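**Q** Below you'll find the structure I mean.
In the numbering used here, the protein residues as written are 14 to 362.
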């Protein structure tokens, strides 16, 4: 059963990708929460989109004349203008004649009202202590770790959101590093965190660029994402709630990643920088050299509750370089693999 905190973060993901059917339909948890009715023949993404739009419309005040300056209408306007019309945070703050900080507070109240409508509709069971979310390990999501190419993953997220960047005439620059340490993590969860950051950049930036770089630190590999912002923009204080970054932090916790936000001046332009720090691959790696995928799956099932992570390689030609890269604690080797002298490889290793 999905708890209320998890439910809210899933809805936040959907809002950020309301008109991106591919992102909605590939969400790792969405359809375990919002069930598609039996017999529905249309697009699943379109069904979810209409569901969200109907819930937003329910925020319209009853028997109140429509007015953008009315506090009663503000929850509806904030969600509609931002997620349906695609208006940026600063532009929306200016239109509503409120500060960005007030905008964040009002957005949070509007977002909670929306999730309450959807939560009640689907009659999900809240946890005993609703304001104390369960640790990620107890939630209804499985972590599937693998060796992840961070640059390819970032490119994949960019391709998913490319249409929106093109609409805003934003140039995305992804600069690969010469040599990155190995990261073993859940690729799908990392994608959700990156989608959240990319969406945030679309809403708050005040320029035409987004830059992604990668570098190594002593205990982590860092994805560095930066974009220009308005000179009057301010990041959320510790007392404030930033729904967008909270969603990213939520996904980062599942993969033991850390999210940092920095604001600086560069060439006279205010700039925001997000750093996602991913821990280096565990030293407890088991390298399985075998041409039968079933052998690797057997090790994964057997070791699923342990601190050992099995990594498989089916080609002998790749085994030595991968072993050098990963520095595994243990190696298993099928010396009878076809077209390979297993004993020679063993001596090389």
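The beta-carbon is built from N, C-alpha and C at its ideal position, and this holds for glycine as well. In this text the structure is predicted, and so the values were computed from the model without any measurement.
Please check the pair residue 131 and residue 72, which I expect to be a contact at CB under 8 Å, by giving their CB distance rounded to whole angstroms.
**A** Against the chain shown, residue 131 aligns to sequence position 118. Against the chain shown, residue 72 aligns to sequence position 59. At roughly 12 Å, the Cβ-Cβ gap does not stay under 8 Å, so residue 131 and residue 72 are not in contact.
**Q** Nearest-angstrom Cα distance between residue 213 and residue 340?
**A** As a first step, residue 213 is located in the chain shown; it is residue number 200 there, counting from the start. As a first step, residue 340 is located in the chain shown; it is residue number 327 there, counting from the start. Taking the straight line joining both Cα atoms gives about 37 Å.
**Q** State whether the stretch 60-71 contacts the stretch 179-186, with contact taken as three or more CB pairs (one from each stretch) at a distance under 8 Å.
**A** No: fewer than three Cβ pairs fall under 8 Å.
**Q** Kindly indicate the opening and closing residues of the beta strand (DSSP E) around residue 46.
**A** Along the chain shown, one-based indexing puts residue 46 at 33. Unbroken run through residue 46 is the alpha helix (DSSP H), 43-46; no beta strand (DSSP E).
**Q** Apply the 10 Å Cβ neighbour rule to residue 56 and answer buried if 16 or more other Cβ atoms are within range, or exposed otherwise.
**A** Taking the first residue of the chain shown as position 1, residue 56 is located at position 43. It counts as exposed.
**Q** Restricting to runs no shorter than 3 residues, where is the beta strand (DSSP E) found entirely within the stretch 254-312?
**A** Counting whole runs of 3 or more residues, the stretch 254-312 contains the beta strand (DSSP E) stretches 271-279, 282-292 and 298-302.
**Q** Going by beta carbon distance, what residues of the same chain come within less than 7 Å of residue 338, once the five residues before and after it are set aside?
**A** On the chain shown, position 325 is the one that residue 338 refers to. 195.
**Q** By how many angstroms is the C-alpha of residue 21 removed from the C-alpha of residue 15?
**A** In the chain shown, the residue the question calls residue 15 occupies position 2. In the chain shown, the residue the question calls residue 21 occupies position 8. Distance between the alpha carbons of residue 15 and residue 21: 10 Å.
**Q** Here's a check: name, in chain order, each residue in its chain whose Cβ is nearer than 6 Å to the Cβ of residue 145, leaving out the five neighbours to either side.
**A** Translated into positions along the chain shown, residue 145 becomes position 132. Here residue 145 scores only 46 on pLDDT, less than 50, and its place in the model is too uncertain to base an answer on.
**Q** What is the rounded straight-line gap between the Cα of residue 304 and the Cα of residue 201?
**A** By one-based count along the chain shown, residue 304 stands at place 291. By one-based count along the chain shown, residue 201 stands at place 188. Their Cα atoms are separated by approximately 26 Å.
**Q** What's the C-alpha gap between residue 297 and residue 46?
**A** For the purposes of this step, residue 297 is taken as residue 284 along the chain shown, with counting starting at 1. For the purposes of this step, residue 46 is taken as residue 33 along the chain shown, with counting starting at 1. If I take the Cα positions, the gap works out to 34 Å.
**Q** Specify whether the stretch 96-113 and the stretch 33-48 touch according to this definition: at least 3 beta carbon pairs, one from each stretch, less than 8 Å apart.
**A** As far as the Cβ criterion goes, the stretch 96-113 does not touch the stretch 33-48, which means the pair count is below three.
**Q** Give the single residue among 281, 272 and 278 whose Cα lies nearest to the Cα of residue 292.
**A** Walking along the chain shown from the start, residue 292 turns up at place 279. The shortest C-alpha separation from residue 292 is found at 272.
**Q** Let me know the beta strand (DSSP E) ranges lying completely inside the stretch 156-204, each 3 residues or longer, listed in chain order.
**A** Whole beta strand (DSSP E) segments, 3+ residues: 158-160, 184-188 and 197-199.
**Q** Under 8 Å Cβ to Cβ from residue 188, same chain only, skipping five residues before and after it: list those, please.
**A** The count along the chain shown starts at 1 and reaches residue 188 at position 175. The answer, listed in chain order, is 224, 225, 226 and 227.
**Q** Could you say if the stretch 113-127 and the stretch 84-98 meet the contact criterion of at least three C-beta pairs nearer than 8 Å?
**A** Yes, since at least three Cβ pairs between the stretch 113-127 and the stretch 84-98 fall closer than 8 Å, the two stretches touch.
**Q** Classify residue 345 as helix, strand or coil using the three-state DSSP reduction.
**A** Start at 1 with the first residue of the chain shown, and residue 345 comes out as number 332. Strand, per DSSP.
**Q** Just to confirm, are residue 124 and residue 28 a CB contact at a threshold of 9 Å?
**A** Start at 1 with the first residue of the chain shown, and residue 124 comes out as number 111. Start at 1 with the first residue of the chain shown, and residue 28 comes out as number 15. Against a cut-off of 9 Å, the Cβ pair of residue 28 and residue 124 comes out as a contact.
**Q** Taking C-alpha atoms, which residue in 86, 241, 311 and 60 lies nearest to residue 279?
**A** Looking up residue 279 in the chain shown gives position 266. Here the closest residue by C-alpha is 241.
**Q** I'd like the span of the alpha helix (DSSP H) that includes residue 66, first residue to last.
**A** Here residue 66 is taken as the residue at index 53 of the chain shown, counted from 1. Unbroken alpha helix (DSSP H) run through residue 66: 57-70.
**Q** Going by other Cβ atoms of all chains shown within 10 Å of its Cβ, with 16 needed for buried, is residue 349 buried or exposed?
**A** As a first step, residue 349 is located in the chain shown; it is residue number 336 there, counting from the start. Result: exposed.
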